[in-house]
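These notes concern the structure reproduced below.
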Amino acid sequence: MKRAKLSKHETKEKIQKFFIEIKNKTPKEIKKIKKISKNQKVPLKENKKLFCKDCLTPFKGNEKIRIKKDYKTIKCAICEKLKRIYLSKKLQTA
Ligand SMILES: [Zn+2]
Numbered sequence: 004m005k006r007a008k009l010s011k012h013e014t015k016e017k018i019q020k021f022f023i024e025i026k027n028k029t030p031k032e033i034k035k036i037k038k039i040s041k042n043q044k045v046p047l048k049e050n051k052k053l054f055c056k057d058c059l060t061p062f063k064g065n066e067k068i069r070i071k072k073d074y075k076t077i078k079c080a081i082c083e084k085l086k087r088i089y090l091s092k093k094l095q096t097a
């Protein structure tokens, strides 16, 4: 019997649930969810900001954050790579 494939809707829900508890996830689990997102063509969008794209460690709030004019940088506590996050202009002017 074939394994039931997740529908796009189910995948979205799965990803949403996953990122609610992102801080308790391991890089291995993040790798898995990234794969699911790619296979099912469900983009992670904003959720990508919640983990380091290099070592896939979830950000736990103890990273060094620098705020610049248009973006902020988060320094990963594990691999020390900088992640640049652009601030939405819509949010700033709202
Ligand atoms: Zn990292």
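Going by our numbering, the sequence shown opens with residue 4, and the numbers climb by one from there.
For every residue, glycine included, the Cβ atom is placed at its ideal position computed from N, Cα and C.
Asked: beta-carbon Ile23 near ligand 1 non-hydrogen atom, thresh 6 Å; Found: no
Asked: Proximity test, Asp73 beta-carbon vs ligand 1 heavy atom, cut-off 6 Å; Found: no
Asked: For Lys63 and Ile81, the rounded distance between their alpha carbons; Found: 11 Å
Asked: Contact between the stretch 47 to 57 and the stretch 67 to 84 (3+ Cβ pairs under 8 Å); Found: yes
Asked: Where Arg87 sits in the DSSP three-state scheme; Found: strand
Asked: Under the three-state DSSP convention, the category Phe54 falls into; Found: strand
Asked: Where the alpha helix (DSSP H) containing Thr14 begins and where it ends; Found: Lys11 to Ile23
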